[in-house]
Amino acid sequence: MRASAVAAVLDGVEFPVRPWQIAAAAEDFGVDAVTRTKIDQIPDREYSDVFDIVVALTSTPAHLRMRRPL
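With our numbering applied, the sequence shown closes on residue 90, and no number is skipped along the way.
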């Protein structure tokens, strides 16, 4: 998950944001089902910037399931 992709989805959204705001922006942007599942799995708290969101998204069960072993 790239920070630039998250930034594109959240273009125009003011920080801090909550998961429901991220989900609404993602729906408007037209993200895929896997990304939407990841958003649904992030903790319900305020996110201060794009990198904070990327860390949360890359720690979700949906993201970790997709990783390949080394």
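For glycine and all other residues, C-beta sits at the position ideal for the given N, C-alpha and C. Keep in mind that this is a model prediction, so the values were computed, not measured.
Report the option in the options whose CA atom is closest to the CA atom of residue i.
i: V26; options: F71, R85, S79 and P81; result: F71
i: L30; options: A82, H83, S68 and V54; result: S68
i: P36; options: V51, E66 and A28; result: E66
Give the C-beta separation of residue i and residue j to the nearest angstrom, bearing in mind that I take them to be a contact with Cβ-Cβ under 8 Å.
i: A46; j: I62; result: That pair is no contact at about 11 Å.
i: V74; j: A23; result: 5 Å
What does the Cβ neighbour count give for residue i, buried or exposed, with the cut at 16 atoms within 10 Å?
i: A76; result: buried
i: V33; result: exposed
i: T78; result: exposed
What is the residue span of the alpha helix (DSSP H) that residue i lies within?
i: V26; result: A23 to V29
i: D59; result: According to the sequence as given, residue 59 is Ile; it is not Asp. It spans A53 to Q61 - the alpha helix (DSSP H) in which I59 sits, taken as one unbroken run.
i: L85; result: Residue 85 is actually Arg in this sequence, not Leu. From DSSP, the alpha helix (DSSP H) with R85 extends over P81 to M86.
Opposite residue i in the DSSP bridges: which residues?
i: V37; result: Y67
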